[in-house]
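Engineer:
Protein chains: 2
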Amino acid sequence: MNVSQGVVHPVEAPPRLQTEGAGNMLLPRVRMKDLQGMPGTVGGVFLRFSQLLFAVVALSVMATITDFASVTAFCYLVAATGLQSMWSLALAIVDIYALLIGRHLQNYRAVSLFSVGDGVTSTLTFAAACASAGITVLIGNDLGACANDHCTRYETAIAMAFLSWFTALPSFLFNFWSLASR
Amino acid sequence: MNVSQGVVHPVEAPPRLQTEGAGNMLLPRVRMKDLQGMPGTVGGVFLRFSQLLFAVVALSVMATITDFASVTAFCYLVAATGLQSMWSLALAIVDIYALLIGRHLQNYRAVSLFSVGDGVTSTLTFAAACASAGITVLIGNDLGACANDHCTRYETAIAMAFLSWFTALPSFLFNFWSLASR
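These protein sequence lines are chains A and B, in that order.
Using full-length UniProt numbering, the first residue of the first sequence is number 1, and each one after it goes up by one.
Using full-length UniProt numbering, the first residue of the second sequence is number 1, and each one after it goes up by one.
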């Protein structure tokens, strides 16, 4: 499957970049092809690495707590951040590859796949973070049962999961916007 | 602010509907103007009333539980479904008004406002439903402390909040798509 389009053009005709693939349209249409944060851009790689970093930190903090498995929501948080980190790592590799060979990832099928994947993984991460936050607030504030330092670690992991979702959201919105604006 | 565009055209020239506002473009471009689910369509009104119904049912079920206020997440659920129902009611009224006077709601500012509002309210509803679901699973499955029928009522309210989010999501995606594809 050809998922990329070349960006190398003769320097004599830069305006053609914008009308490329536009058929009989006379007006050059402003495309979001080169906006930072899209797949295959430096901004996109930065977003992917941010997601990966926050998800891995959340996973690592959860791994230091021995008895997290007694609460379903915390198991779900571990699973969701694990999935998020794998997805972000895979997409970061794809983005870096696209950057290295100097091509854009603008194929409709590829962008659709990225968009759906980003939507699903970010929603799962957000849901897990919310469920875990609800339980941590219940234990800490409502019941006042934060005897040891577990609460702080849970809060750190949840904050990292929220940050991972927060950096995954622009990736989803950019992909969805790019899908709609073609 | 003029937030609507007329849809009444002479019957002799129906193809003009698609090229309207397209400037010098020669190809008639497929617009999502009339897709059911967009603001100002019958599908849009149906989505709004579904959101409103589910949010109001969730709110009503929570109101029958006397001691929900002891848990922060349940208070948040009540607040979020209250906000969702008010937002959906307001947008349903706007949609019905647009239908009655036979105009589309396609102004850029209006669609941006609807899109941001839908994004915020649906995210809040989803977060509240997830947090409450985490606590209900903790009480019911992990601790096995569902002595009275409160758990069933909480589960009903949470399911209704999830359904409200699920019907708010298409509204957001349609608005966002419409914003990107103009």
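The C-beta atom is built at its ideal place from N, Cα and C for all residues, glycine as well.
Using a Cβ-Cβ cutoff of less than 8 Å, which residues in the same chain neighbour residue 226 of chain A once the five nearest sequence positions on both sides are dropped?
Structural biologist: Only positions 1 to 182 of chain A appear in this structure, which leaves residue 226 of chain A out of reach.
Engineer: Classify glutamine 84 of chain A as helix, strand or coil using the three-state DSSP reduction.
Structural biologist: Within the first sequence, numbered from 1, the residue matching residue 84 of chain A stands at position 84. The answer is helix: DSSP assigns glutamine 84 of chain A an H, G or I state.
Engineer: Going by DSSP in three states, glutamine 106 of chain A sits in which element: helix, strand or coil?
Structural biologist: In the first sequence, counting from the first residue as 1, residue 106 of chain A sits at position 106. DSSP places glutamine 106 of chain A in coil when its eight states are reduced to three.
Engineer: Tell me whether the stretch 68-78 of chain A and the stretch 164-173 of chain A touch, counting them as touching only if at least three CB pairs, one residue from each stretch, are closer than 8 Å.
Structural biologist: Contact between the stretch 68-78 of chain A and the stretch 164-173 of chain A is absent, because fewer than three Cβ pairs lie under 8 Å.
Engineer: Could you spell out the range, first to last residue, of the alpha helix (DSSP H) harbouring proline 170 of chain B?
Structural biologist: Residue 170 of chain B sits at position 170 when you count from the first residue of the second sequence. 150-180 is the span of the alpha helix (DSSP H), which, as asked, contains proline 170 of chain B.
Engineer: Classify aspartate 118 of chain A as buried or exposed, calling it buried when 16 or more other Cβ atoms lie within 10 Å of its own Cβ.
Structural biologist: Numbered from 1 along the first sequence, position 118 holds the residue referred to as residue 118 of chain A. With 16 or more other Cβ atoms within 10 Å, it is buried.
Engineer: Under 8 Å, CB to CB, which of the residues in the stretch 131-142 of chain A have a partner in chain B?
Structural biologist: If the cut-off is 8 Å between Cβ atoms, the stretch 131-142 of chain A has Ala131, Ser132, Ala133, Gly134, Ile135, Val137, Leu138, Asn141 and Asp142 near chain B.
Engineer: How about residue 185 of chain B and serine 132 of chain B: are their beta carbons less than 7 Å apart?
Structural biologist: There is simply no residue 185 of chain B to check, as chain B begins at 1 and stops at 182 in what is shown.
Engineer: Residues in its own chain within less than 6 Å of glycine 21 of chain A by CB, not counting five upstream and five downstream?
Structural biologist: Here residue 21 of chain A corresponds to residue number 21 of the first sequence, with the count starting at 1. Here glycine 21 of chain A scores only 41 on pLDDT, less than 50, and its place in the model should not be relied on; the value that follows carries that caveat. Excluding residues within five positions, none has a Cβ falling inside 6 Å.
Engineer: Within its chain, find whatever has a CB closer than 8 Å to the CB of asparagine 175 of chain B; leave out the 5 residues flanking it on each side and keep chain order.
Structural biologist: Taking the second sequence and counting its residues from 1, the one referred to as residue 175 of chain B is at position 175. Closer than 8 Å at Cβ, skipping near neighbours: Met38, Pro39, Val111, Phe114, Ser115 and Asp118.
Engineer: Determine the DSSP secondary structure at proline 28 of chain A, reduced to helix, strand or coil.
Structural biologist: By 1-based counting over the first sequence, the position of residue 28 of chain A is 28. Note that proline 28 of chain A scores a pLDDT of 43, beneath 50, so its modelled location is shaky; the value from the coordinates is reported in the next line. Three-state DSSP puts proline 28 of chain A in coil, outside helix and strand.
Engineer: So, valine 61 of chain B versus arginine 153 of chain B, is the Cβ gap smaller than 7 Å?
Structural biologist: One-based indexing of the second sequence puts residue 61 of chain B at position 61. One-based indexing of the second sequence puts residue 153 of chain B at position 153. Their beta carbons are under 7 Å apart, which means valine 61 of chain B touches arginine 153 of chain B by this criterion.
Engineer: Name the DSSP beta bridge partners of glutamine 36 of chain B, please?
Structural biologist: Here residue 36 of chain B refers to the residue found at position 36 of the second sequence. Its beta-bridge partners are B/Met38.
Engineer: Measure from the alpha carbon of glutamate 155 of chain B to the alpha carbon of each residue in B/Asp142, B/Gly134, B/Thr167 and B/Phe166, then state which is nearest.
Structural biologist: Along the second sequence, read from residue 1 onward, the residue named residue 155 of chain B stands at position 155. Ranking B/Asp142, B/Gly134, B/Thr167 and B/Phe166 by Cα distance to glutamate 155 of chain B puts B/Gly134 first.
Engineer: Am I right that leucine 89 of chain B and leucine 52 of chain B are in contact with their C-beta atoms under 8 Å? What's the rounded C-beta distance?
Structural biologist: In the second sequence, counting from the first residue as 1, residue 89 of chain B sits at position 89. In the second sequence, counting from the first residue as 1, residue 52 of chain B sits at position 52. Their Cβ separation, rounded to whole angstroms, is 5 Å, which keeps leucine 89 of chain B and leucine 52 of chain B in contact under 8 Å.
Engineer: Below 8 Å on C-beta distance, what does alanine 127 of chain B contact in chain A?
Structural biologist: Within the second sequence, residue 127 of chain B is the residue found at index 127, counting from 1. Within chain A, the residues near alanine 127 of chain B are Phe126 and Cys130.
Engineer: Quick one: residues in its chain with C-beta nearer than 6 Å to the C-beta of alanine 80 of chain B, no 5 flanking neighbours on either side, listed in chain order?
Structural biologist: In the second sequence, the residue the question calls residue 80 of chain B occupies position 80. Cβ within range, chain order: Leu124, Thr125 and Ala128.
Engineer: Is alanine 180 of chain A close to chain B, meaning its C-beta is less than 7 Å from at least one C-beta of that chain?
Structural biologist: Numbered from 1 along the first sequence, position 180 holds the residue referred to as residue 180 of chain A. Yes, alanine 180 of chain A counts as interfacial toward chain B.
Engineer: Compare the beta carbon distance of tyrosine 167 of chain B and serine 85 of chain B with 7 Å and say whether it is the shorter of the two.
Structural biologist: The count along the second sequence starts at 1 and reaches residue 167 of chain B at position 167. The count along the second sequence starts at 1 and reaches residue 85 of chain B at position 85. Contrary to the premise, residue 167 of chain B reads as threonine rather than tyrosine in this sequence. No. Outside cutoff.
Engineer: Are the beta-carbon atoms belonging to valine 160 of chain A and valine 57 of chain A less than 7 Å from one another?
Structural biologist: Here residue 160 of chain A corresponds to residue number 160 of the first sequence, with the count starting at 1. Here residue 57 of chain A corresponds to residue number 57 of the first sequence, with the count starting at 1. Residue identity differs from the one stated: residue 160 of chain A is methionine in this sequence, not valine. In contact: methionine 160 of chain A and valine 57 of chain A (Cβ atoms closer than 7 Å).
Engineer: With a CB to CB cut of under 7 Å and the five nearest residues on each side skipped, what residues in its chain are close to leucine 47 of chain A?
Structural biologist: Along the first sequence, read from residue 1 onward, the residue named residue 47 of chain A stands at position 47. Gly37, Thr167, Pro170 and Ser171, listed in sequence order.
Engineer: Does chain B have any CB closer than 7 Å to the CB of tryptophan 87 of chain A?
Structural biologist: For the purposes of this step, residue 87 of chain A is taken as residue 87 along the first sequence, with counting starting at 1. No, tryptophan 87 of chain A lies away from the interface with chain B (no Cβ there is under 7 Å from its Cβ).
Engineer: Would a C-beta distance cut-off of 7 Å place cysteine 130 of chain A and glycine 140 of chain A closer than the cut-off?
Structural biologist: The residue you call residue 130 of chain A lines up with position 130 of the first sequence. The residue you call residue 140 of chain A lines up with position 140 of the first sequence. No, the pair does not count as a contact, with Cβ atoms beyond the cut-off.
Engineer: Using the Cα positions of alanine 145 of chain A and leucine 138 of chain A, report the straight-line distance between them to the nearest angstrom.
Structural biologist: In the first sequence, counting from the first residue as 1, residue 145 of chain A sits at position 145. In the first sequence, counting from the first residue as 1, residue 138 of chain A sits at position 138. Roughly 9 Å separates the two Cα atoms.
Engineer: Where does valine 94 of chain B land, buried or exposed, given buried means 16+ other C-beta within 10 angstroms?
Structural biologist: Here the question's residue 94 of chain B lines up with position 94 in the second sequence. Classification for valine 94 of chain B: buried.
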